[in-house]
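Novice:
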Ligand code: TZP
Ligand code: MG
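Numbering (this note's numbering), first residue to last: 153 to 365.
Dropping the structure here:
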């Protein structure tokens, strides 16, 4: 899978509890039908074996699409499932080590919560940056201080890498995120927590696709 910044346009991050009604795989597939362009499997309580099994199932489900999927904070699961890559935070495995383990061809994303972190990110190791949280959110209990759209714009300006904004984002924030020059929006509850994930994703799309009735 060749990664492009366009993949970041509408980036779904999964949450086991918020996706519980349909399950993670079905939620993701409905959201992809609605226009999601990239997926991150994020499950803080699963074991590596459980993440690997889920990732293998997701890989099969996404076959034939141009939707890359990465695994949050578990390089071993990403390798075992042959995922498209991994996403790490500042306190996780170091980017250099993650890159060495993943190899050159996999996608590696890194979360940054400040301009300083953006400036410290090594563009030779990392493919894209997740920036935020833009707003406070109940989805991530231990999130850093929200940066707002002004903070987001400063972080994007400091980055030579593709960027995706995260944290409390809804469809009516599209214009503000675009004005900050981020390549896209990453969301959990705006899609996973909704009764119709396809319609929820479709609300973000510029050229909306059809959802099954
Ligand atoms: N990292 C920063 S905020 C966040 C993560 C994983 C959660 C975003 O969830 P939501 O529901 O889109 O606000
Ligand atoms: Mg992490």
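Just so you know, even glycine gets a beta-carbon here, dropped at the ideal spot from N, CA and C.
1. Using a threshold of 8 Å, is the CB atom of residue 347 nearer than that to any non-hydrogen atom of the ligand TZP?
2. Hey, how far is the Cα of residue 216 from the Cα of residue 153?
3. Should residue 326 be counted as a contact of the ligand TZP given a C-beta to heavy atom distance under 8 Å?
4. Go through the stretch 234–317 residue by residue and report every complete run of the beta strand (DSSP E) that reaches 3 residues or more, in order.
5. Answer yes or no: the CB of residue 295 versus the heavy atoms of the ligand TZP, is any distance below 8 Å?
6. Does the stretch 291–310 touch the stretch 244–260, meaning 3 or more C-beta pairs lie closer than 8 Å?
7. Taking the beta carbon of residue 243 as the centre, do at least 16 other beta carbons fall within 10 Å, making it buried, or is it exposed?
8. Please report the straight-line C-alpha distance between residue 364 and residue 269, rounded to a whole angstrom.
9. Relative to the alpha-carbon of residue 199, which residue among 312, 314 and 230 has its alpha-carbon at the smallest distance?
10. Nearest to residue 285 by alpha carbon, out of 201, 323, 263 and 274?
11. Am I right that residue 205 and residue 168 are in contact with their C-beta atoms under 8 Å? What's the rounded C-beta distance?
12. Across which residues does DSSP place residue 162 in a beta bridge pair?
13. For residue 191, name the three-state secondary structure that DSSP assigns.
14. Below 8 Å on the Cβ atoms is my contact criterion, and I expect residue 316 with residue 336 to pass it. Report the Cβ-Cβ distance as a whole number of Å.
15. Roughly how many angstroms separate the alpha carbons of residue 314 and residue 201, rounded to a whole number?
16. What number of angstroms, rounded off, separates the C-alpha of residue 302 from the C-alpha of residue 324?
17. For residue 103, which residues of its own chain have a beta-carbon under 7 Å away from its beta-carbon, when the five flanking residues on both sides are left out?
18. Where do the ends of the beta strand (DSSP E) carrying residue 369 lie?
19. Going along the chain, which residues put their C-beta within less than 6 Å of some heavy atom in the ligand TZP?
20. How many Å lie between residue 209 and residue 177 at the Cα?
21. Considering only DSSP beta bridges, list what residue 223 is partnered with.
Specialist: From the atom records:
1. What you label residue 347 is simply residue 195 of the chain shown in a count that begins at 1. For the ligand TZP, not one heavy atom lies less than 8 Å from the Cβ of residue 347.
2. Residue mapping note: residue 216 aligns to position 64 of the chain shown, counting from 1. Residue mapping note: residue 153 aligns to position 1 of the chain shown, counting from 1. The straight-line gap from Cα to Cα measures roughly 11 Å.
3. Your numbering for residue 326 matches position 174 in the chain shown. The nearest non-hydrogen atom of the ligand TZP is 8 Å or more from the C-beta of residue 326.
4. At a cut-off of 3 residues, the continuous stretches assigned as beta strand (DSSP E) that sit fully inside the stretch 234–317 are 237–240, 259–264 and 280–283.
5. Locating residue 295 in the chain shown gives position 143, where the first residue counts as 1. Answer for residue 295: yes, Cβ within range of the ligand TZP.
6. Judged by Cβ distances under 8 Å, the stretch 244–260 makes no contact with the stretch 291–310, as fewer than three pairs qualify.
7. Numbered from its first residue, the chain shown carries residue 243 at position 91. With fewer than 16 other beta carbons inside 10 angstroms of its own, residue 243 counts as exposed.
8. As a position in the chain shown, residue 364 is number 212, starting the count at 1. As a position in the chain shown, residue 269 is number 117, starting the count at 1. One C-alpha to the other measures close to 42 Å.
9. Sequence index remark: in the chain shown, residue 199 carries index 47 (1-based). Ranked by Cα distance from residue 199, the first of 312, 314 and 230 is 230.
10. By 1-based counting over the chain shown, the position of residue 285 is 133. For residue 285, the closest C-alpha among the options 201, 323, 263 and 274 is that of 263.
11. Along the chain shown, read from residue 1 onward, the residue named residue 205 stands at position 53. Along the chain shown, read from residue 1 onward, the residue named residue 168 stands at position 16. Residue 168 and residue 205 do not touch by the CB rule: their CB atoms are close to 13 Å apart, not below 8 Å.
12. Position 10 of the chain shown, counting from 1, holds the residue named residue 162. In the DSSP output, where bridge partners are listed per residue, residue 162 has 337.
13. Within the chain shown, numbered from 1, the residue matching residue 191 stands at position 39. In this structure, residue 191 counts as strand in the three-state DSSP scheme.
14. For the purposes of this step, residue 316 is taken as residue 164 along the chain shown, with counting starting at 1. For the purposes of this step, residue 336 is taken as residue 184 along the chain shown, with counting starting at 1. Between residue 316 and residue 336 a beta carbon distance of about 5 Å is seen, short of the 8 Å cut, so the two are scored as contacting.
15. Indexing the chain shown from 1 puts residue 314 at position 162. Indexing the chain shown from 1 puts residue 201 at position 49. Roughly 31 Å separates the two Cα atoms.
16. Counted from its first residue, the chain shown places residue 302 at position 150. Counted from its first residue, the chain shown places residue 324 at position 172. The straight-line gap separating the alpha-carbon atoms of residue 302 and residue 324 is approximately 17 Å.
17. Given that the chain is displayed from residue 153 to residue 365, the structure contains no residue 103 and the question cannot be resolved.
18. Outside the displayed span of the chain (153 to 365) sits residue 369, for which this structure offers no information.
19. Any heavy atom of the ligand TZP within less than 6 Å of a residue's beta carbon puts that residue on the list, which reads 165, 284, 285, 289, 291, 292, 295, 318, 319, 320, 321, 339, 340, 341 and 342.
20. On the chain shown, residue 209 is found 57 positions in, with the first residue counted as 1. On the chain shown, residue 177 is found 25 positions in, with the first residue counted as 1. Approximately 7 Å, taken between the alpha carbons.
21. Mapped onto the chain shown, residue 223 falls at position 71. In the DSSP output, where bridge partners are listed per residue, residue 223 has 193 and 238.
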